[in-house]
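Inspection log for the structure reproduced underneath, given as structure tokens.
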Amino acid sequence: MPGTPDVVQSAMTSIDWVVIAVYLAFVAAVGFIVKGRIKTLDDYFAGGHRIPWWLAAVSHHISGYSAFAFVGYAKVAYNVGINIWTLFAIPCFLAMTAGAFIWAPRWVKLKVISPVEYLEKRFNPLVHQAIAWSGIAVKFVDEGLKLYSLAVIIGVVCGFPLEATIVVCGVVAILYVLVGGLWAEMITDFSQFFVQLAATVALAVVVLSHIGGLSGLWASMPPQSRSLLSTDYDLPYLLVFLVVITLSYNGGTWGLAQRFYSIGKPNDAKKAALLSAALYLVYPIVIYIPVWAAHSLAPELTGDETQKAYAVMAKQYFPAIAPGLLGLFVAAMFAATMSMVDGDLNALAAVFTKDIYGKTLNPRASEKTLFKVGLLATLTLGIITIATGLLAPRMGSAFDVMVTWYAAILAPVSVPLLFGMLNRRTTWRGAMAAWAGGFITFVAVKYGLPALGFEFAANRHWTIYTGAELIVIFGIFYIEGYINKLNSDEQKNVDELFTRLEGDITEAVEPEPEA
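This is how it looks when you write it as structure tokens:
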């Protein structure tokens, strides 16, 4: 099974287990403490639009990577060195800086509970349902990879079997989100960020002391690892990846959209996006210092084993720093991933409840009924996520699966969602054609052309099929608006929507009452 960690001897001590128990008890308590805030569907899925901007900012940042940053991206960091900074940190920084001025304030002004809710008014019910259903489907790949990445870390450090870890973590995620809603997720995000920050900074400092400081680290890295670009992740790749990250982090990943529309004021959303951008620029350096040092300190890692680099370094050096720190690291990874999975499950359940069940299956459902459906949807979606996590190791390395499937399929869902806020001209026909054209292009270029005998260099194939998909989607979406015209009813809806979106950016926005 590629990428499956062997069961190894645990490095955990009794103090580490106590630390994990105490920390997870605190995390669980947060859900019950904030449960009193949840009185309506809006409270459960959007925090009542009262989330402080600084809380949303930290939550957005920490929800952008989870344990995947310490597994999938760790493998890349081990293999290409500081190129990981230009691959991960720089695109996230640029994406969120742009998003602070373009999308974050608009998410607040939409006054929504679900990220796809506004699409019915902007386009029509067909587009609304197509994006809702396909968006739910694509998220399972992402959610499963998060559980798998966490299982890799716990397997290396604690010696637990992969499959059992995925199931247990998934069950905990389901139970947690059923209790606390969005408020609990964000408060937990905030606390675990500082726990994670303390642990990762401590490990980076200790690793540097063992390898001779920054100069020793630089000298220990292979020459090809000292460049901002690499053969596998060159400039064309980075440009395409930047577009994908921009789509994902500004709302194409629905759990991240929640972090903005749960805020009450557009200006506060802008501040949240800028703070998240700054964290993405700096913090990855701290994370990957131990991975870069692993070339010298853990030379036995090869192939897919390199995705264990951070976990191996943590297992080797955390016990020497302080008793219980390894347990704190495991707890932080667990909480980070659970919070991210919970956030996405919450967003997915919101879409199913508000946009699918409430719009098509039972339009007359009361809020009480919708709330129950939301809980049931969370449970069902969580079970499917666990199943996806169990399949992840059979699909290859975590990073390869992410960029192949999630990044490529994200665009057809995200472009109508994000650019429907910006472009007045495109009709529902353009949105549907862009959505369908994206999926067709992905299949045709990734699978069709190779089947016909066209060969692509291994380091170019992803860039070609994802880049082609993006060109087709954006081309159709924007050109169609100059071919077809909105009818009078459609024009009225679009004008009303854009009047709200283009209003005073400092204006406070109160949530609309539920019917």
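For what it's worth, the numbering used here labels the leading residue of the sequence shown as 1, then goes sequentially.
Ideal Cβ positions, reconstructed from N, Cα and C, are used throughout, including at glycine.
Fewer than three pairs of CB atoms, one per stretch, sit closer than 8 Å, so the stretch 345-364 makes no contact with the stretch 221-231. Taking 8 Å as the cut-off, the beta carbon of Ala411 is found closer than this to the beta carbon of Ile473. Annotation: Pro236 to Thr86 spans about 12 Å, alpha carbon to alpha carbon. If one requires a minimum length of 4 residues, the alpha helix (DSSP H) runs lying completely within the stretch 278-355 are 309-321 and 325-350, in chain order. In the structure shown, the three-state DSSP call for Ser414 is helix. Secondary structure at Val195: helix, using DSSP grouped into helix, strand and coil. In the structure shown, the three-state DSSP call for Trp17 is helix. In the three-state DSSP reduction, Trp103 falls in the coil class, being neither helix nor strand. Burial state of Tyr447 is exposed, judged by a 10 Å Cβ sphere holding fewer than 16 other Cβ atoms.
Note on geometry: alpha-carbon atoms of Leu497 and Arg122 lie some 7 Å from one another. Around the C-beta of Thr302, fewer than 16 other C-beta atoms lie within 10 Å, and the residue is accordingly described as exposed. Look at the stretch 182-252 and you find these whole runs of alpha helix (DSSP H), each 4 residues long or longer: 213-220 and 235-247.
In the DSSP assignment, Glu490 falls within the unbroken alpha helix (DSSP H) covering Ser488 to Leu501. Shown here for Ile321: same chain residues with a beta carbon closer than 7 Å to its own, the five before and five after excluded, namely Ala202 and Val206 in chain order. Its chain contains Ile113 and Ala350 as the residues whose beta carbon lies nearer than 6 Å to that of Phe45, once the 5 sequence neighbours on both sides are disregarded; these appear in chain order. By the neighbour-count criterion, in which a residue is buried when 16 or more other Cβ atoms sit within 10 angstroms of its Cβ, Thr360 is exposed.
Under the three-state reduction of DSSP, Ala434 is assigned to helix. Taking C-beta atoms under 8 Å as the contact rule, Trp53 and Ala377 fail to qualify, at a distance of about 29 Å. Ser220 is not a Cβ neighbour of Ala309, given a cutoff of 8 Å. When Cβ pairs closer than 8 Å are counted between the two stretches, the stretch 326-333 is seen not to touch the stretch 238-248, the count staying below three. For the pair Gln307 and Ala314, the Cα-to-Cα distance works out to about 13 Å. Contact check between the stretch 94-101 and the stretch 242-257: three or more CB pairs, one atom from each, fall below 8 Å, which counts as touching.
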